[in-house]
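There are 2 protein chains.
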Amino acid sequence: MTQGKVLIAQGGGPTAVINQSLVGAVTTARDYPEIDAVYGAFHGVQGIVNEDFIDLGGEAAENLELIAATPCSALGSTRDKPDVKYCQEIFKVLRAHGIGTFFYIGGNDSSDTLRILADEAANAEYALNCVHIPKTIDNDLTVNDHTPGYPSAAKFVAGAFAGVNLDNRALPGVYVGVVMGRHAGFLTAASALARKYDDDGPHLIYLPERDFSIDAFLGDVKAAWEKFGRCVIAVSEGIHDDTGEPIITRLSKDVEKDAHGNVQLSGTGALGDLLTAAIRDNTDIKRVRGDTFGYLQRSFMGCVSDVDQREAREAGERAAGFAHDGGNGGGDGSVTLHRTGDGEDYGAEFKLSPLQDVAGKTKVMADEFIAKDAPDVTEAFVDYLKPLLGSGMPEAHRLEAERVGKILNK
Amino acid sequence: MTQGKVLIAQGGGPTAVINQSLVGAVTTARDYPEIDAVYGAFHGVQGIVNEDFIDLGGEAAENLELIAATPCSALGSTRDKPDVKYCQEIFKVLRAHGIGTFFYIGGNDSSDTLRILADEAANAEYALNCVHIPKTIDNDLTVNDHTPGYPSAAKFVAGAFAGVNLDNRALPGVYVGVVMGRHAGFLTAASALARKYDDDGPHLIYLPERDFSIDAFLGDVKAAWEKFGRCVIAVSEGIHDDTGEPIITRLSKDVEKDAHGNVQLSGTGALGDLLTAAIRDNTDIKRVRGDTFGYLQRSFMGCVSDVDQREAREAGERAAGFAHDGGNGGGDGSVTLHRTGDGEDYGAEFKLSPLQDVAGKTKVMADEFIAKDAPDVTEAFVDYLKPLLGSGMPEAHRLEAERVGKILNK
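Protein chains in written order, with this note's numbering: chain A, 2 to 411; chain B, 2 to 411.
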């Protein structure tokens, strides 16, 4: 049973529905009479160390509903990835404020922080429930069928490629769209959901799960150009050659690295420009354009999956429930999402899995989702993603009337 | 009165509502009993020269409604800008097919094509009605209060910056968003509609109507960073220095030019990367990101202004009406949109203006829309744009509860 105070924080990159999970956990937790207070920490673990707390027990229910529908972490986020020493600082603050339960909404780094923190509390024989609430647009958490935040980002990417395909059909050329995803290609793969007609793009989809070769790429583009008279390409920002070197580093001399030692892939148009330049330099195709979808994928106001909203909300609610029913110290874990039915019968349920099953691990696309003989995804992937996009996916239509016979140039 | 056959085509860059105008003109025109047929030409003037026509009289009404709601030219488009010789080829085909009225949906280049064509027809004493139906996301057509296509693109840009502002607030840093618009800053200016709270971004807005200086830019960024601890910047792709040289050419050695001799600005992330590099090199700000919104601005599936949809539809309907009621040869002109009321009383009406008043001319933002003392727009601009975005603009909300007192570090 939950006791003392509850603390909640958000970590890592924002998603369109991350506040649904926040509000789900807050509204559920503050209804348990044995809970003293529900605090929120600003900017994740950083806000804990700085004791930068808000008393969410006093937040009006109506405003919480408006917050739930607002994209991007309402509490702010952080890229800090605490080591043991940092976790000891966190623990000191949790203890001082009498926090009995800590919910951290985040990806695999956030769950790893909770894992270290839970160990720290156990060592100190302090009763602390550490519950991880999953979110990531990358969809790369293990155990989970998929992750809250991914379906809305996938809907954005599918809508973007559906529009770009129409644009490219109106003004034929080659179009390269660069999509987020360092190791996992799920978000890039979502571009396949843009297709409706046989000749719709994306015609080529490059995932980080497969080695990328510029030569093979150019061959694919030429073949698609000959077949369709145009070509729409979806590329993951994380594509790399067969030595594992990111394709982007071939261009950029001054590559930025983050605190985890990772090369900066987002927030730059370099990869798209490299690929369009390669096409221009090696083919006679004149109209070659590239876009990097960037931060809009995870934060655009006005593109959200209603299935994702409901699931993110439930993930937060169930986290509070698991913490409450799991008993002090015994309730550590990661809330995980499991599919209970496919297609029309799509459904999902939540479980509490051991933190170490999710913490610091990365899931990539299964082989069954990746086409064997072409840079593409499989029907199995389309079937996997389709129900997650929810209602209201816009659909393209084409003119169907008869052609008129030529008079001058029969 | 319209006689013979009607031909309709679409030119230039696609918009989210360009097919509303197509369907408005087709459904209105084919209801006039004296019209023999309504043809559509594929890929604008290119399709006319190639006699690549579809018989839109046979298109099912239900499918036309679905087409109307589909973004990007259903008939395809072209970047061809016909000279007199090209127009003579067009005229030959129009004559052979007995075309009495030609509707061309497009921007200022398309209206210029019509102007040349109308002259050609007059010289040959051939009764041809040439009616221009306005569209452009750039909003740069003269005479018009605004142009169909702009409100939906503006809604996308406002929604993008509203999301990016939340993202930037969650993970503070500097963010540069590059927006389409070579000479006119209307679309970049739309980013201002993303703001709700006093400290919301974009904090800086750079328009092509004003000279751009890297030094002044860096000063602005540093000042905003000090004031807000973060900074969101909207930049037009068309910014140039005081000699008129585009800022993008300072970076790119291998600049592509189009048939009009214009430097390629879209479909590359170069400008965003140049600006973020300048900030990184000249400040101690660590987290600097840039996105180029690219083609999503004009073609994204699922972001459209309902006001824009209605107006684009009416522009097409009125074009057919003007052609019908204006009399043969006397009905040449450009359909223009005029505001009849502001704010809550917003409304618009359509007139038929002389082709030469619109053809080949470019409107830029009025001085009253551009702030004098900061890189920003004025309240007058916000009032101008707000009613055009229509219903359903998503709104951000913030937590309002009390802060918790510190225990350890009072």
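Backbone N, C-alpha and C fix where the C-beta goes; we use that ideal spot for every residue, glycine too.
Small disclaimer: the values here were computed from a predicted structure and weren't measured.
{"Item": "Whole angstroms is fine: what's the gap from C232/A's alpha carbon to P173/A's?", "Value": "8 angstroms"}
{"Item": "Y40/A CB to nearest chain B CB: under 9 angstroms?", "Value": "yes"}
{"Item": "Give the straight-line distance between the Cα atoms of R340/B and D346/B, rounded to the nearest whole angstrom.", "Value": "10 angstroms"}
{"Item": "With a cut-off of 8 angstroms, do at least 3 Cβ pairs link the segment 58 to 66 of chain A to the segment 26 to 43 of chain A?", "Value": "yes"}
{"Item": "In the DSSP assignment, find the unbroken beta strand (DSSP E) run with Y198/A in it and report its ends.", "Value": "Neither: Y198/A is in no beta strand (DSSP E) and is coded neither H nor E."}
{"Item": "Please list, in chain order, the chain B residues whose beta carbon lies closer than 9 angstroms to that of V7/A.", "Value": "Result: empty, since nearest Cβ-Cβ is about 12 angstroms, beyond 9 angstroms."}
{"Item": "Please return the same chain residues whose Cβ sits closer than 6 angstroms to the Cβ of M159/A, not counting the five positions on each side in sequence.", "Value": "Strictly speaking, residue 159/A in this sequence is Ala, with Met absent from that position. Cβ within range, chain order: A191, L194, A195."}
{"Item": "Contact criterion: CB-CB distance below 9 angstroms. Does G330/B meet it with respect to chain A?", "Value": "Model confidence at G330/B stands at a pLDDT of 46, short of 50, so the residue's coordinates are unreliable; what they give is reported in the following sentence. Chain A contact via Cβ: absent."}
{"Item": "So P388/A contacts chain B; which residues on that side make the cut at Cβ distance below 8 angstroms?", "Value": "Near P388/A there are no residues of chain B at all, since even the closest Cβ is about 18 angstroms away, more than 8 angstroms."}
{"Item": "Hey, is the segment 13 to 23 of chain A in contact with the segment 140 to 160 of chain A, meaning 3+ C-beta pairs nearer than 8 angstroms?", "Value": "yes"}
{"Item": "So within the segment 275 to 344 of chain B, which uninterrupted alpha helix (DSSP H) runs reach at least 4 residues, ignoring any that extend past its ends?", "Value": "297 to 300, 307 to 326"}
{"Item": "If you measure from the beta carbon of V405/B to each beta carbon in chain A, is any gap under 9 angstroms?", "Value": "yes"}
{"Item": "Give the range of the beta strand (DSSP E) segment to which Q11/A is assigned.", "Value": "6 to 11"}
{"Item": "May I have a chain-ordered list of the alpha helix (DSSP H) segments no shorter than 4 residues that lie completely inside the segment 180 to 252 of chain A?", "Value": "187 to 190, 215 to 229"}
{"Item": "Determine, using beta carbons only, whether N51/B comes closer than 9 angstroms to chain A.", "Value": "yes"}
{"Item": "Do L23/A and I106/A have their C-beta atoms within less than 9 angstroms of each other?", "Value": "yes"}
{"Item": "Among the residues of its own chain, which have a CB less than 6 angstroms from the CB of D141/A, if the five just before and after it don't count?", "Value": "A185, T363, K364"}
{"Item": "Note down, in chain order, every chain A residue with its Cβ under 7 angstroms from the Cβ of V158/B.", "Value": "In chain order: nothing, as chain A lies at least about 10 angstroms away."}
{"Item": "In whole angstroms, what is the alpha-carbon distance linking S111/A and S392/B?", "Value": "38 angstroms"}
{"Item": "If you draw a straight line from the alpha carbon of N124/A to that of I117/A, how long is it in whole angstroms?", "Value": "11 angstroms"}
{"Item": "Tell me, please, whether the CB atom of A195/B is closer than 9 angstroms to any CB atom in chain A?", "Value": "yes"}
{"Item": "Going by Cα to Cα distance, which pick from G14/B, F157/B, A321/B is closest to F103/B?", "Value": "A321/B"}
{"Item": "Under 6 angstroms Cβ to Cβ from E369/A, same chain only, skipping five residues before and after it: list those, please.", "Value": "A381"}
{"Item": "Which residue's Cα is closest to the Cα of H398/B: G13/A, L67/A, G48/A?", "Value": "L67/A"}
{"Item": "Compute the Euclidean distance between the alpha carbons of L219/A and G361/A, then round it to the nearest angstrom.", "Value": "36 angstroms"}
{"Item": "Starting from C131/B, trace the beta strand (DSSP E) both ways and give me its first and last residue.", "Value": "130 to 135"}
{"Item": "Return helix, strand or coil for R399/B, following the three-state DSSP convention.", "Value": "coil"}
{"Item": "Check whether the Cβ atoms of D221/B and P376/B sit closer than 9 angstroms, and answer yes or no.", "Value": "yes"}
{"Item": "Around the Cβ of A122/A, are there at least 16 other Cβ atoms within 10 angstroms (buried) or fewer (exposed)?", "Value": "buried"}
{"Item": "What span of residues does the beta strand (DSSP E) with F54/A cover, start to end?", "Value": "54 to 56"}
{"Item": "With a Cβ-Cβ cutoff of 9 angstroms, do D292/A and L297/B count as a contact?", "Value": "yes"}
{"Item": "How long is the line joining the alpha carbons of L76/B and Q47/B, rounded to whole angstroms?", "Value": "11 angstroms"}
{"Item": "At 8 angstroms on the CB atoms, spell out the chain B contacts of H98/A, in chain order.", "Value": "V405, I408"}
{"Item": "Please list, in chain order, the chain B residues whose beta carbon lies closer than 8 angstroms to that of A271/A.", "Value": "G270, D274"}
{"Item": "Which of helix, strand or coil does DSSP assign to P15/B?", "Value": "coil"}
{"Item": "With H, G and I counted as helix, E and B as strand and the rest as coil, what does DSSP make of V24/A?", "Value": "helix"}
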